[in-house]
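Sequence order for the protein chains is A and B. Residue numbering for the first sequence follows my numbering, beginning at 347 and increasing consecutively. Residue numbering for the second sequence follows my numbering, beginning at 347 and increasing consecutively. Positions of the beta carbon are idealized from the N, C-alpha and C atoms, including for glycine. Just so we're clear, the structure is a prediction, and the values are computed from it rather than from any experiment.
There are 2 protein chains.
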Amino acid sequence: MTTSEAAVQSLSIGEVAERTGLSVHALRFYEREGLLVGPVQRTSGGRRRYTSFDVEWLLICVKLRESGMPLADLKHFAELVRRGPGNESERLHLLDTHRQRVDAQIQALEECRSVITWKVAVYTEHLARGEAGGLWAPTT
Amino acid sequence: MTTSEAAVQSLSIGEVAERTGLSVHALRFYEREGLLVGPVQRTSGGRRRYTSFDVEWLLICVKLRESGMPLADLKHFAELVRRGPGNESERLHLLDTHRQRVDAQIQALEECRSVITWKVAVYTEHLARGEAGGLWAPTT
DNA sequence: GCTTGATCTAGACCTCGCTCTAGATCATAG
DNA sequence: CTATGATCTAGAGCGAGGTCTAGATCAAGC
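(1) Output, in sequence order along the chain, the residues in the segment 353 to 380 of chain A whose CB is closer than 7 Å to any CB in chain B.
(2) Of the residues Arg459(A), Ser435(A) and Thr443(A), which one's Cα is nearest the Cα of Arg445(B)?
(3) Could you tell me if Gly424(A) is buried or exposed, where buried requires 16 or more neighbouring beta carbons within 10 angstroms of its beta carbon?
(4) Quick one: which residues of the segment 409 to 426 of chain A get their C-beta closer than 8 Å to a C-beta of chain B? List them in chain order.
(5) Rounded to whole angstroms, what is the Cα-Cα separation between Ser358(B) and Trp464(A)?
(6) For Val466(A), name the three-state secondary structure that DSSP assigns.
(7) Tell me the DSSP secondary structure of Gln355(B) in three-state form.
(8) Would DSSP call Arg374(A) helix, strand or coil?
(9) On the DSSP letters alone, give me the boundaries of the alpha helix (DSSP H) that Glu335(B) sits inside.
(10) Hey, Val383(A) and Trp403(A): beta-carbon distance below 8 Å or not?
(11) Would the segment 389 to 406 of chain B and the segment 358 to 375 of chain B be scored as touching if the rule is three or more Cβ pairs under 8 Å?
(12) Quick one: what does DSSP say Arg393(B) is sitting in, helix, strand or coil?
(13) Spatial neighbours of Val448(A) within its chain, please: CB distance less than 7 Å, with the 5 preceding and 5 following residues excluded, ordered by chain position.
(14) Does Gln453(A) pass the burial test, meaning 16 or more other C-beta atoms within 10 Å, or should it be called exposed?
(15) If you count every other CB in all the chains shown that lies within 10 Å of the CB of Ser356(A), and 16 or more means buried, which is it?
(16) Against Gln451(A), what residues of chain B qualify as contacts under a CB-to-CB distance less than 8 Å, listed in chain order?
(17) Quick one, which of Leu441(B), Arg395(B), Thr397(B) and Pro431(B) has its alpha-carbon nearest Pro416(B)'s?
(18) Could you tell me which chain B residues have their CB closer than 9 Å to the CB of Leu473(A), listed as they occur along the chain?
(19) Using CA atoms only, rank isn't needed, just tell me which of Gly391(B), Glu434(B) and Glu377(B) is closest to Val468(A).
(20) Within a Cβ cutoff of 8 Å, which residues of the same chain sit near Val408(B), ignoring the five residues on either side of it in sequence?
(21) Leu420(A) lies in the alpha helix (DSSP H); which residues open and close that run?
(22) Counting only beta-carbon separations shorter than 8 Å, does Gly479(B) have a partner in chain A?
(23) Which residues share a DSSP beta bridge with Arg388(A)?
(24) Taking Glu456(A) and Lys421(A) to be in contact with their CB atoms under 8 Å, please state how far apart those CB atoms are, rounded to whole angstroms.
(25) Please confirm whether Val386(A) has its beta-carbon closer than 8 Å to some beta-carbon of chain B.
Pasting the structure below:
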């Protein structure tokens, strides 16, 4: 192992940034905002050491963020997990609510997609014909 | 007709807001930002009158925004249309590029969805069993 | 020891996309 | 004529989600 000897499976902030796609700035920001389940461990010199647990959690965070979950909800989720067992149904509810939002988003995007596709087709056709006037008339 | 007599098919800003889902503030903002194809007509008293053409354009804008097109791109698109015929391939390119982004977004969302679904299933199962410890262990 | 690069903290700053305010004007119903 | 409500302009403000800076410290290689 090059990076660690006794530090089994613990990563620096830079390594975690690489692995999660978040910037080191964002990682520190997320921590400050209480989006992580536990406090990140530190070396004697004060540098952060992330466990594989931390990284897994962050990867989930990334997925939830990508799908539009607000940081506030993510924070809430982290708090629930931090509090430990006993609130699983609340966690379940949070995730399920989000899944519904994701479904709605997918639907909306598919609708947009078809509108765009149609518009593209109109343009392509007009271009092929070499005529482009009257394109954005009310009936287009 | 209640609202118009000679003003065939022209709407007030409030009516357009209702029809597009944009706020009147947003409508004025869009206009200022040059997101509309033409300048909106005004009454002698200075109030905006939107044509059905304007409304159609705005509805397209709404769809493009909903699917994540930045205002800057929308502005660019409006400029192209404003310049008139001769740049259709550029418009086509703009739309097609956006469609690709939408496709990518849909894909990403579907991936997120499946991650969430799986997570929900894990929780549900644990809840059903009445055991919740060790839930967020690295292997979960 | 010295240099180089990664990391540290606190806090200022930024972009995006609106939203809201103030103070005035217009338009319509009673 | 008056009251009410919609609209006007210019510009300030806001929430989300980071990003960046300054100045210091740590750690590794030469």
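Reading off the structure:
(1) Residues passing the 7 Å Cβ filter: none.
(2) What you label residue 445(B) is simply residue 99 of the second sequence in a count that begins at 1. Of Arg459(A), Ser435(A) and Thr443(A), the residue nearest in Cα terms is Arg459(A).
(3) In the first sequence, counting from the first residue as 1, residue 424(A) sits at position 78. Here residue 424(A) turns out to be Ala, not Gly, going by the sequence shown. It counts as buried.
(4) Under the 8 Å Cβ criterion, the segment 409 to 426 of chain A contributes Lys409, Leu410, Glu412 and Ser413.
(5) Taking the first residue of the second sequence as 1, we reach residue 358(B) at position 12. Taking the first residue of the first sequence as 1, we reach residue 464(A) at position 118. Rounded to whole angstroms, Ser358(B) to Trp464(A) spans 29 Å at the Cα level.
(6) Within the first sequence, numbered from 1, the residue matching residue 466(A) stands at position 120. In this structure, Val466(A) counts as helix in the three-state DSSP scheme.
(7) Here residue 355(B) corresponds to residue number 9 of the second sequence, with the count starting at 1. DSSP places Gln355(B) in coil when its eight states are reduced to three.
(8) Against the first sequence, residue 374(A) aligns to sequence position 28. In this structure, Arg374(A) counts as helix in the three-state DSSP scheme.
(9) Missing from the structure shown is residue 335(B); chain B here goes from 347 to 486 and no further.
(10) Within the first sequence, the letter at position 37 stands for residue 383(A). Within the first sequence, the letter at position 57 stands for residue 403(A). Yes, these two residues count as a Cβ contact at 8 Å.
(11) Yes, the segment 389 to 406 of chain B is in contact with the segment 358 to 375 of chain B.
(12) In the second sequence, residue 393(B) corresponds to position 47, counting from 1. Judged by DSSP in its simplified three-state form, Arg393(B) adopts coil rather than helix or strand.
(13) The count along the first sequence starts at 1 and reaches residue 448(A) at position 102. Excluding sequence neighbours, Val448(A) sits near Ser413.
(14) Here the question's residue 453(A) lines up with position 107 in the first sequence. Classification of Gln453(A): exposed, given that the 10 Å Cβ count is below 16.
(15) Residue numbering aside, residue 356(A) sits at position 10 when the first sequence is read from its first letter. Taking all protein chains shown into account, Ser356(A) has 16 or more neighbouring C-beta atoms within 10 Å of its C-beta and is therefore buried.
(16) On the first sequence, position 105 is the one that residue 451(A) refers to. Taking a Cβ-Cβ cut-off of 8 Å, the neighbours of Gln451(A) in chain B comprise Leu455, given in sequence order.
(17) Translated into the one-based positions of the second sequence, residue 416(B) becomes position 70. Per the Cα distances, Leu441(B).
(18) Against the first sequence, residue 473(A) aligns to sequence position 127. What Leu473(A) touches in chain B, judged by beta-carbon distance under 9 Å, is Glu434, Ser435 and Leu438, going in chain order.
(19) Translated into positions along the first sequence, residue 468(A) becomes position 122. Considering only Gly391(B), Glu434(B) and Glu377(B), the residue with the shortest C-alpha distance to Val468(A) is Glu434(B).
(20) If you number the second sequence from 1, residue 408(B) lands on position 62. Cβ-Cβ distances below 8 Å link Val408(B) to Thr366, Gly367 and Leu368 in the same chain, with the five nearest sequence neighbours on each side left out; the list follows chain order.
(21) The residue you call residue 420(A) lines up with position 74 of the first sequence. From DSSP, the alpha helix (DSSP H) with Leu420(A) extends over Leu417 to Arg429.
(22) Translated into positions along the second sequence, residue 479(B) becomes position 133. Residue confidence is low: Gly479(B) scores 48 on pLDDT, short of 50, so the model does not pin down where it sits. Its coordinate-derived value is still stated next. Taking Cβ atoms only, chain A reaches closer than 8 Å to Gly479(B), which makes this a yes.
(23) Looking up residue 388(A) in the first sequence gives position 42. Beta-bridge analysis with DSSP links Arg388(A) to Arg394(A).
(24) Along the first sequence, read from residue 1 onward, the residue named residue 456(A) stands at position 110. Along the first sequence, read from residue 1 onward, the residue named residue 421(A) stands at position 75. Rounded, the Cβ-Cβ distance is 30 Å, inconsistent with contact.
(25) Residue 386(A) sits at position 40 when you count from the first residue of the first sequence. Not an interface residue.
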